[in-house]
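J.:
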Amino acid sequence: MTKEDAQGSTAEETQSKKGLKKQQKEAEKAAKKAEKQAKLAADQQGTEEDDFAKDQYGIAAMVQSQQKLDRELVRVQDLTPEMADKVIWLRARVHTSRAKGKQCFLVLRQQQFNVQALVAVGDRASKQMVKFAANINKESIVDVEATLRKVEQKIESCTQQEVELHVEKIFVISQAEARLPLQLEDASRPEGEGDEDGRATVNQDTRLDNRVIDLRTTTSQAIFRLQAGVCMLFRETLTKKDFVEIQTPKIISAASEGGANVFTVSYFKTSAYLAQSPQLYKQMCICADFDKVFCVGPVFRAEDSNTHRHLTEFVGLDIEMAFNYHYHEVIDSITDTMVQIFKGLRDRFQTEIQTVGKQYPSEPFKFLEPTLRLEYTEGVAMLRQAGVEMGDEDDLSTPNEKLLGRLVKEKYDTDFYVLDKYPLSVRPFYTMPDPSNPKYSNSYDMFMRGEEILSGAQRVHDPQLLTERAIHHEIDLEKIKAYIDSFRYGAPPHGGGGIGLERVCMLYLGLHNIRQTSMFPRDPKRLTP
Amino acid sequence: MALKELSSLEKFLGLKKHNKYSTQGDNKVPVLQSNNGPMVGLLTVCSHLVNEAKRPELLGTSTEHRAMVHQWLEYRVTKVDGCTREEAKTVLKDLNLYLQDKVYLAGNCFTLADALMYYGLHPLVVDLAVHEKEHYVNVTRWFDHLQHYPRLRHHLCPVVVLRNRVYIGGHH
């Protein structure tokens, strides 16, 4: 044989060797595949064969009110050792599910409460049922029939630590999609922890885009229950003081606080504005003899500010009252209301405050009784002593406000105080000037943790003086004619102020962004959800 | 600026004769005319003044001490003068760490290093906000000590230093 031939034949040989190997491999593959298929078929047969618990679990038909079941669903928070050995039904969300051999551990969650549940292969549950339970998507809502049992060792990770549920029936009432846009565990994790362990936390934009899920965390539940508490305490306290709740229009014909930051809406053939505050209407109610009024409602400010404390729409809690001889009667009434709210939160919402504190730790809110009241000139003096340079009639910048808050906290140990007698030049035209010093006014601001929460004053109730002040501020008298007219038929001396619900909650809890205390916040960049 | 410093230093040292200084170049380096020719540079002139006032201990007592004093004088002229905001932060951070356990910059007594560093750091410190002064707590302590040192301050405005900590925790 020639070399070529030899090479050729070896090539052929290797070719056929290769070919053989290839064939062998393919045959193996086919064999394996056949095996797998056979096993699957056997499994399936197996599942169909052995499932004695077929009726104890599954995805229930959509609840379209087909029937009225006289069945009591127990609340997770009521599951205590006293109920041990009872068979109960409950409806909750699947927080986590974890299979371990012949058992599946579920954590079932209802708002701030959760409990461990166990599905184990036995005479009640089949292998297929355990598998089903382990594969239920997180956040799905399930109906569970189970026996409540006491546990020897406390379950530290659940709120109900001394009991667990032994599941007999489990039905999915509403299935959640497999992929969640954010994980609740990540959303509940404190910021610092996330960075340390390399575990994720969820950033604010993601939270706000998927607010429905973000609001399910125990922290969010606590924050908004506390916010509801603030509203409730506001109403309760003022009603006890004989204030009347009023409703004021939000579609108005003239901008109440100046034309710059107002939203315009089309109103049939003309346009109108969204109210920047209930100011005008509060005062008109006083002139209409309601004496002491308050209102809770939305406030719209078209301010293009992207800060941690500005929203374009927020809830305003507004107060206005007639007084006898001195506007300090108004300040005292407002500060007392605030103190009652703080006390009410401290005494009745301690659970919520603690829950928020787990994710967002902060110093407890401190206040004095009676509330600390400093004059503006004193505040300026304190700032100057700390090295800040400012004029007597300058307004306080935000950094100076915050520094003053710190200085006051250091000197008087309070997070809440009033600054009285602001310079007239930095206040709106309807503010009553100080009778003894024309440079100052009968106006005040209130601060929580160094940030402003309320701006208020004695209002000018004399139409002539009001006109003078308006001219001084170069305001078009035509636009405010109706407002001035309301004081022409006898108007009592009065004053008041307005606070922002979201800001008060944010500052009371020591949070740092107002979007955390607004359920569906509105700012220049966000219109949904 | 350097000329005001030199004038203050003269007053501090108790020198009766007040020299006339000129400046040289874009950086306004101070120059003092003398019998032996012109003396150029802040450190040169200052050392000369100290010797004239017969206060050599202000430049250091032992060899190591003198070396330390000189090192700080160099630091002043190279790192502190004309530094940007970012560089200033580094300077203050380093100084804060260094001054953790020291009353004066070099050794256990007041030296020219303290005087010139005080003059040099004043424009940085005067602009610090309250929470920054609290952050660089050792620098602030040393600075406050120096600005009250008898006869040292002269041309500089006093910087307010609060007695008590106003910012607890990080957030301000």
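Chains as they are written, first to last, in my numbering: chain H, 132 to 660; chain V, 2 to 173.
Think of the CB as a built atom: it goes at the ideal place given N, C-alpha and C, for glycine as much as any other residue.
Here the structure is a predicted model, which is why all the values come from computation and not from measurement.
#1: Excluding the 5 residues flanking V/Tyr120 on each side, which residues of the same chain have their C-beta closer than 6 Å to its C-beta?
#2: Per DSSP, what kind of secondary structure is H/Arg310 in: helix, strand or coil?
#3: Keeping to the same chain, check which residues put their C-beta closer than 6 Å to that of H/Lys258; ignore five residues upstream and five downstream.
#4: When you check each C-beta in the segment 505-539 of chain H against every C-beta of chain V, which residues fall closer than 9 Å?
#5: Starting from H/Phe473, trace the alpha helix (DSSP H) both ways and give me its first and last residue.
#6: Can you give me the Cβ contacts of H/Val519 inside the same chain, cut-off strictly under 8 Å, excluding the 5 residues immediately before and after it?
#7: Distance check for H/Leu313 and H/Val343, CA to CA, integer angstroms please.
#8: Would H/Met132 be called buried (16 or more neighbouring beta carbons within 10 Å of its own) or exposed?
#9: Could you name the residues of chain V that H/Glu541 contacts, counting a contact when the two beta carbons are closer than 7 Å?
#10: Taking Cβ positions only, does V/Val161 come closer than 7 Å to chain H?
#11: Closer than 9 Å by beta-carbon distance: list the chain H residues that pair up with V/Val131, in chain order.
#12: Spell out the partners DSSP gives V/Pro39 in its beta bridges.
#13: Mark H/Glu500 as exposed unless 16 or more other C-beta atoms lie within 10 angstroms of its C-beta, in which case mark it buried.
#14: Report yes if the CB atom of V/Asn20 is closer than 7 Å to the CB atom of V/Leu4, and no otherwise.
#15: Flag this pair as yes or no: are the beta carbons of H/Thr545 and H/Leu476 separated by less than 7 Å?
#16: Quick check on the DSSP output: the alpha helix (DSSP H) that includes V/Gln72 runs from which residue to which?
#17: With which residues is H/Pro554 paired in a DSSP beta bridge?
#18: Applying the criterion that 16 or more other CB atoms from any shown protein chain within 10 Å of the CB defines a buried residue, is H/Cys636 buried or exposed?
#19: Evaluate H/Phe399 with the Cβ neighbour count: other Cβ atoms within 10 Å of its Cβ, from every protein chain shown; 16 or more gives buried, anything less gives exposed.
#20: If you check the beta carbons only, do H/Ile606 and H/Phe547 fall under 7 Å apart?
#21: Under 7 Å, do H/Glu295 and H/Val282 count as touching if we go by C-beta distance?
#22: When you compare the CB positions of H/Pro564 and H/Phe454, do they come within less than 7 Å of one another, or not?
#23: Taking CB distances under 7 Å as the criterion, tell me whether H/Ser402 reaches chain A.
#24: With a threshold of 8 Å, are at least 3 pairs of Cβ atoms found where one atom belongs to the segment 432-440 of chain H and the other to the segment 636-645 of chain H?
#25: How far does the alpha helix (DSSP H) with H/Gln234 in it extend, from its first residue to its last?
#26: Let me know if V/Leu167 comes out buried or exposed under the rule of 16 or more other beta-carbons within 10 Å of its beta-carbon.
#27: Whole angstroms are fine: how far does the CA of H/Asp345 sit from the CA of H/Ser649?
#28: One question on the structure: do H/Gly641 and H/Asp449 come within less than 7 Å of each other, judged by their Cβ atoms?
#29: Are there 16 or more other CB atoms within 10 angstroms of the CB of H/Thr529, so buried, or fewer, so exposed?
#30: How should V/Thr174 be labelled, buried or exposed, when 16 other C-beta atoms within 10 angstroms of its C-beta is the threshold for buried?
#31: Thinking C-beta only, is H/Val487 closer than 7 Å to H/Ala353?
#32: Would you mind giving the Cβ-Cβ distance between H/His592 and H/Ala622, rounded to the nearest angstrom? I have them listed as a contact below 8 Å.
#33: Say the cut is 6 Å; is the CB of V/Ala54 nearer than that to a heavy atom of the ligand SAM?
T.: Reading it off the structure:
#1: Glu6
#2: coil
#3: Val252
#4: Arg515, Gln516, Ala517, Gly518, Val519, Pro530, Lys533, Leu534, Arg537, Leu538
#5: 459-479
#6: Asn531, Leu534
#7: 11 Å
#8: Confidence at H/Met132 is low in this model, with a pLDDT of 48, below 50, so its placement is unreliable and the value that follows should be read with caution. Flag for H/Met132 reads exposed.
#9: Asn165, Val167
#10: yes
#11: Ala517, Gly518, Val519, Leu534, Arg537, Leu538
#12: V/Gln34
#13: exposed
#14: no
#15: no
#16: 64-76
#17: H/Tyr571
#18: buried
#19: exposed
#20: no
#21: yes
#22: no
#23: The chain inventory of the structure shown lacks chain A, comprising the protein chains H and V.
#24: yes
#25: Unbroken run through H/Gln234 is the beta strand (DSSP E), 234-241; no alpha helix (DSSP H).
#26: Sequence check: residue 167 of chain V is Val here, not Leu. With 16 or more other Cβ atoms within 10 Å, it is buried.
#27: 12 Å
#28: no
#29: exposed
#30: Here chain V comprises residues numbered 2 to 173, so residue 174 of chain V is not present and cannot be evaluated.
#31: yes
#32: 4 Å
#33: With respect to the ligand SAM, the structure shown offers nothing to examine, as it has no ligands at all.
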